[in-house]
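Working notes, structure below.
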Amino acid sequence: MDFKRCISMILCMIMALCLMGCWDQKEIEHRGMVFSTGIDKLIETEDEQKKYLISFEMPILSGGGETGGGVLEKPWILATTGNTVFEAVRQADIRSERPLFFAQNKVLVIGEEIAQQEDIRMMLDFFLRDHELTRNMNVFIVKGTALEVLNVVPYFSDSVGDYLRTLSRVKYKSSRFRATELSCLVEDLKRNGSALVSRVIPSSAGDEVKLAGAAVIKNNRLVGWLGEIENRGTLFIQDKVEGGSIVVSCPICSELGERAETITFEINNVSSKKEVDIRGGKIKFGIVINVEGTIQEHSGWQYHDLLEQEYIRRMEKVVATEITREVQAANNKLQQEFAVDVLGYGSYLKKTHPDFWEEIEEQWNETFFPQVEVDIHSNVMIRRIGTAT
Amino acid sequence: MRIRYKNMIIFIILSLLLFQFSGCYDSKEIDTKAFVLAVGIDTIEGKESGQKETETIKGVPDRFTVTFELPLFSQQLAAGETEKFWMLSTRGASIIEAIRNSDLRSDRVLTFGHLKVVAISEEMARKGLFPILDFFHREPVVPRKTNIIITEGKAGDAISIIPYQEQLYGIYQEDLLESERSSLPRTAHQLRQTFINLNKMLYGVKEKRNAFIPYVKKSKDNKETIISGLAIIKDGKMVGKLSNAESYALALLLNLTNDRVTIIAPSLIFPGCDLVFEAHDTHSQLKYLGDKENISFGYHVNVDGYFAECPSSLIKEETGKDIDAINKSVEKQLKQDIERTIKKMQVLNVDLLGLDSYLFQKHPKVWKQVAANWDELFPEADIDVQVTVHTRHLGTSK
Numbered sequence: 008m009d010f011k012r013c014i015s016m017i018l019c020m021i022m023a024l025c026l027m028g029c030w031d032q033k034e035i036e037h038r039g040m041v042f043s044t045g046i047d048k049l050i051e052t053e054d055e056q057k058k059y060l061i062s063f064e065m066p067i068l069s070g071g072g073e074t075g076g077g078v079l080e081k082p083w084i085l086a087t088t089g090n091t092v093f094e095a096v097r098q099a100d101i102r103s104e105r106p107l108f109f110a111q112n113k114v115l116v117i118g119e120e121i122a123q124q125e126d127i128r129m130m131l132d133f134f135l136r137d138h139e140l141t142r143n144m145n146v147f148i149v150k151g152t153a154l155e156v157l158n159v160v161p162y163f164s165d166s167v168g169d170y171l172r173t174l175s176r177v178k179y180k181s182s183r184f185r186a187t188e189l190s191c192l193v194e195d196l197k198r199n200g201s202a203l204v205s206r207v208i209p210s211s212a213g214d215e216v217k218l219a220g221a222a223v224i225k226n227n228r229l230v231g232w233l234g235e236i237e238n239r240g241t242l243f244i245q246d247k248v249e250g251g252s253i254v255v256s257c258p259i260c261s262e263l264g265e266r267a268e269t270i271t272f273e274i275n276n277v278s279s280k281k282e283v284d285i286r287g288g289k290i291k292f293g294i295v296i297n298v299e300g301t302i303q304e305h306s307g308w309q310y311h312d313l314l315e316q317e318y319i320r321r322m323e324k325v326v327a328t329e330i331t332r333e334v335q336a337a338n339n340k341l342q343q344e345f346a347v348d349v350l351g352y353g354s355y356l357k358k359t360h361p362d363f364w365e366e367i368e369e370q371w372n373e374t375f376f377p378q379v380e381v382d383i384h385s386n387v388m389i390r391r392i393g394t395a396t
Numbered sequence: 034m035r036i037r038y039k040n041m042i043i044f045i046i047l048s049l050l051l052f053q054f055s056g057c058y059d060s061k062e063i064d065t066k067a068f069v070l071a072v073g074i075d076t077i078e079g080k081e082s083g084q085k086e087t088e089t090i091k092g093v094p095d096r097f098t099v100t101f102e103l104p105l106f107s108q109q110l111a112a113g114e115t116e117k118f119w120m121l122s123t124r125g126a127s128i129i130e131a132i133r134n135s136d137l138r139s140d141r142v143l144t145f146g147h148l149k150v151v152a153i154s155e156e157m158a159r160k161g162l163f164p165i166l167d168f169f170h171r172e173p174v175v176p177r178k179t180n181i182i183i184t185e186g187k188a189g190d191a192i193s194i195i196p197y198q199e200q201l202y203g204i205y206q207e208d209l210l211e212s213e214r215s216s217l218p219r220t221a222h223q224l225r226q227t228f229i230n231l232n233k234m235l236y237g238v239k240e241k242r243n244a245f246i247p248y249v250k251k252s253k254d255n256k257e258t259i260i261s262g263l264a265i266i267k268d269g270k271m272v273g274k275l276s277n278a279e280s281y282a283l284a285l286l287l288n289l290t291n292d293r294v295t296i297i298a299p300s301l302i303f304p305g306c307d308l309v310f311e312a313h314d315t316h317s318q319l320k321y322l323g324d325k326e327n328i329s330f331g332y333h334v335n336v337d338g339y340f341a342e343c344p345s346s347l348i349k350e351e352t353g354k355d356i357d358a359i360n361k362s363v364e365k366q367l368k369q370d371i372e373r374t375i376k377k378m379q380v381l382n383v384d385l386l387g388l389d390s391y392l393f394q395k396h397p398k399v400w401k402q403v404a405a406n407w408d409e410l411f412p413e414a415d416i417d418v419q420v421t422v423h424t425r426h427l428g429t430s431k
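Residue numbers (the working numbering), protein chains in the order written: chain A, 8 to 396; chain B, 34 to 431.
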């Protein structure tokens, strides 16, 4: 009997441990939520020998309850310095009464100058190692400084982080920028130290940014830019185009000597295929791009009837030529000007011809890649012409 | 065995029903959209002309500057902030390209389902409307009831005004154009009407491309816009203007008048005194009076209304006794206006009255003979106008 009592008493005492409640509570108002982080090069001063100027966007959250909360004030842009990212975070913790909390950090913005001069992997290490951070955060490289972007007060969104992240989701409308996630960027860098990262351009008025084009990373450093149309050209090769418009001159109007009328073709569906031919020691890639789309605008509508089959066929050819030219231009720039294989030619060769790849792997980037012949062909189908003829 | 079969059927039906519960797989959240209320379209001038906003190696040069009015909703505004909209301005070789350029800058996707106003600058309209209107015609989302206006000066500036009573320009302009006291033809401001006018087709002649679109001026203090008549569109290009009085004359001839329109006419009995007459019921009738040699039309316009105001009460007492004199005064004024309008159209050789389709429908034999050289015949055509005015009451004073 005593034994039984003893057991139940021990059980009760153990159960009492469960009633301890919030011993490890973390109140949300004691956390300094970081929405976006910016990394810039620190302009050297005499007394400081630091490398980075790091700024955090911390929204000032207020209210709640029945009246509805939300962000009403301009966020706090906390800028600190450090030789590593983590050093800067600790510096910030000295100044912010709420410890910085990174689980909501969805955007990382890197300034142009620091990206050119420093190894990008060194900046990304903190974001990969820290357990609070998510790997699907978007990475942008600014044409300018990251601080400029963080200081933007957007119209629709409450914070720049939200603004940039939502903006990068409308890629399907234009395909003129790319949405680079941290995890994908790291994979690319691991492969051969090169990648394409989305580029962001702040406006001079400080009320908006333009998300367009791409930054070209070679040997883990920024080497140059791709324009927005060139960026779409690279997306065509990667089979990642989701939409966008192509403006061409009307094929018949110019023949008839009428003033330049334009046709706007809207891309609906794209599929592209790669092929490789290594016969005779020469590497030759063939890329076939199949595009389906709509005629969205035809400024010469008073002259022509879009219901004519033959006219539609001619327009398809004109658009296809334009797409081929666009892709060719982007490909040439990457191949000749930058000599950087970011579009996955090497990895395709590795998958399809592993033995051959082993032979040439060492010399691929310097010798082989700039010499590779790329043959681009595109087919266009016009599916719809809208609610007008 | 049979029970088993039955159970199977029930199971299949139930599992098919599961598809009904898939929920919002294609949901489109309202807070991911930017509703465009007004679009302003301008030409590109100065150093920007011939260039592209888009970075590209080669391409069709930009043709338009397009300004979008995007309203901000109250939640997005901090306390004390007054700005209620974002004027987003981009350039492009076509309207779609300009929209795509804006998609690189706005985190919300531009949506045209609630478009209220399309404003086109006079300079742009004189260059030609067809390249602009195609987008609004082809895009299924754009409502056909959207208003279209031509603005004096830049359209981008005109849609940037901050009106007194409304918070947003688009709403203000729509209310103003739809006013029942407007002297413009009833449907002149609708995009639908413009499409119909520009698409008009007649057998035996080349397609007619004439239309009329409200012409709007911006006030100097950037607080209001003033409707000042109609822009005349010939072959898709603006060629001239009609004043407010001339627009009313056109509305009378087309049987498209609004309910209560004020007419101001100088009194015949008391020189120097203006009578104010309010027309509430009008009707006009067109007849072909010519033969095979001369082309001649006759209009008979009937106007019912009431005597609204006389600047001097003394004179009103006198005129009130002589309703006939009021009728005559208004008749004279209206006849002058109508004749001036017809003359203007004949000088510009723009047939906004639809005389050609009238002949085609009602006098096909005559039309067959004149169809080939209608363009030469219309400016010479003899158009006779008769106006009858009835004053129905004098208000609550004598």
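Yeah, the Cβ is synthetic: ideal placement off N, Cα and C, and Gly gets one too.
Problem - is_contact[Thr89 (chain B), chain A] using C-beta, thresh 8 Å - result: yes
Handout entry: Residues of the region 214–234 of chain B whose Cβ lies closer than 7 Å to any Cβ of chain A, in chain order
Key = none
Problem - Test: Gln111 (chain A) CB closer than 8 Å to a CB of chain B - result: no
Handout entry: One or two residues paired with Leu103 (chain B) in a DSSP bridge
Key = B:Trp119
Handout entry: Glu249 (chain A) versus Glu273 (chain A): straight-line alpha-carbon distance, rounded
Key = 10 Å
Practice task
Whole angstroms is fine: what's the gap from Glu188 (chain A)'s alpha carbon to Asn143 (chain A)'s?
Solution key: 5 Å
Practice task
Tell me whether the beta-carbon of Ile77 (chain B) lies closer than 8 Å to the beta-carbon of Asp95 (chain B).
Solution key: yes
Practice task
Assuming Phe345 (chain A) and Gly220 (chain A) form a contact by the criterion Cβ under 8 Å, report the distance between their Cβ atoms to the nearest whole angstrom.
Solution key: The pair is not a contact, with the Cβ atoms about 14 Å apart (cut-off 8 Å).
Handout entry: Against chain B: residues of the region 163–197 of chain A by CB proximity under 7 Å
Key = Phe163, Ser164, Tyr170, Thr173, Leu174, Val177, Lys180, Ser181, Arg183, Phe184
Practice task
State the Cα-Cα distance for the pair Ile129 (chain B) and Val72 (chain B), rounded to the nearest angstrom.
Solution key: 12 Å
Practice task
Determine the DSSP secondary structure at Gly77 (chain A), reduced to helix, strand or coil.
Solution key: With a pLDDT of 48 at Gly77 (chain A), under the threshold of 50, the predicted position of this residue should be treated as unreliable, though the coordinate-derived value follows. Here Gly77 (chain A) sits in strand by DSSP.
Exercise for the section: Count the other C-beta atoms from every protein chain shown that fall within 10 angstroms of the C-beta of Phe134 (chain A), then say buried if there are 16 or more, exposed otherwise. Expected result: Counting Cβ neighbours within 10 Å, Phe134 (chain A) comes out buried, since at least 16 surround it.
Practice task
Consult DSSP for Val160 (chain A) and reduce its assignment to one of helix, strand or coil.
Solution key: Three-state DSSP puts Val160 (chain A) in coil, outside helix and strand.
Exercise for the section: Please name the residues in the region 62–76 of chain B whose beta-carbon is closer than 9 Å to at least one beta-carbon of chain A, in chain order. Expected result: Asp64, Thr65, Ala67
Practice task
May I ask you to verify whether the region 336–344 of chain B touches the region 302–314 of chain B, counting CB pairs closer than 8 Å and requiring at least 3?
Solution key: yes
Exercise for the section: Kindly indicate if chain B contains any beta-carbon less than 8 Å away from that of Gln309 (chain A). Expected result: yes
Practice task
Express the C-alpha separation of Gly189 (chain B) and Glu88 (chain B) in angstroms, rounding to a whole number.
Solution key: 24 Å
Practice task
Below 6 Å CB to CB, which residues in the same chain sit around Val174 (chain B) once its five sequence neighbours on both sides are set aside?
Solution key: Phe145, Gly146
Practice task
With a threshold of 16 other CB atoms inside 10 Å of the CB of Val96 (chain A), please say whether the residue is buried or exposed.
Solution key: buried
Exercise for the section: Quick one: give me the first and last residue of the beta strand (DSSP E) that Phe376 (chain A) is part of. Expected result: Unbroken run through Phe376 (chain A): none, as it is neither H nor E.
Handout entry: Range covered by the beta strand (DSSP E) that runs through Gly268 (chain B)
Key = Strictly speaking, residue 268 (chain B) in this sequence is Asp, with Gly absent from that position. Annotation for Asp268 (chain B): no beta strand (DSSP E) segment contains it, and DSSP assigns it neither H nor E.
Handout entry: Short CB-CB distance (under 8 Å) between Val334 (chain B) and chain A
Key = no
Practice task
Return no unless some Cβ of chain A is closer than 8 Å to the Cβ of Phe145 (chain B).
Solution key: no
Exercise for the section: Determine the chain B residues that contact Thr271 (chain A) at a beta-carbon separation under 7 Å, and present them in chain order. Expected result: The answer, in chain order, is Ser127, Ile129, Glu130.
Handout entry: Min CB distance Gln109 (chain B) to chain A below 8 Å
Key = With a pLDDT of 49 at Gln109 (chain B), under the threshold of 50, the modelled position of this residue cannot be trusted; read the value that follows with caution. It does: the Cβ of Gln109 (chain B) has a partner Cβ on chain A nearer than 8 Å.
Handout entry: For Leu5 (chain A), the residue or residues it bridges with in DSSP
Key = This structure does not reach residue 5 (chain A), given that chain A is present from 8 up to 396, and the question cannot be answered.
Handout entry: Cα-Cα separation between Glu120 (chain A) and Gln56 (chain A), rounded to whole angstroms
Key = 17 Å
Exercise for the section: Tell whether a beta-carbon distance below 8 Å holds between Ile465 (chain A) and Glu329 (chain A). Expected result: Residue 465 (chain A) lies beyond the residue range present for chain A, which begins at 8 and ends at 396; the question has no answer from this structure.
Problem - Backbone CA spacing between Glu213 (chain B) and Ala284 (chain B) [nearest angstrom] - result: Looking at the two C-alpha atoms, the distance is approximately 13 Å.
Problem - Spatial distance of Gln379 (chain B) from Thr290 (chain B) (CA atoms) - result: 22 Å
Exercise for the section: Could you tell me the boundaries of the beta strand (DSSP E) in which Ala405 (chain B) lies? Expected result: Careful: Ala405 (chain B) lies outside any beta strand (DSSP E) and carries neither H nor E.
Practice task
Since I believe Leu287 (chain B) is in contact with Leu201 (chain B) (beta carbons under 8 Å), could you give me their beta-carbon distance rounded to a whole number of angstroms?
Solution key: Their Cβ separation, rounded to whole angstroms, is 32 Å, which puts Leu201 (chain B) and Leu287 (chain B) out of contact at 8 Å.
Problem - Own chain partners of Thr74 (chain A) with C-beta closer than 6 Å, once the 5 adjacent residues on each side are dropped - result: Because the pLDDT of Thr74 (chain A) is 43, which lies under 50, any placement of that residue in the model is unreliable, and the question is left without a value.
Practice task
Give the interface partners of Phe163 (chain B) over in chain A, defined as CB-CB distance under 8 Å, in chain order.
Solution key: Per Cβ cutoff of 8 Å: Ser306, Gly307, Trp308, Gln309.
Practice task
Starting from Asn276 (chain A), trace the beta strand (DSSP E) both ways and give me its first and last residue.
Solution key: 269–284
Exercise for the section: Give every residue of the same chain whose Cβ lies closer than 8 Å to the Cβ of Lys149 (chain B), excluding the five residues on either side of it in the sequence, and list them in chain order. Expected result: Leu70, Ala71, Thr179, Asn180, Gly203, Ile204, Gln206, Glu207
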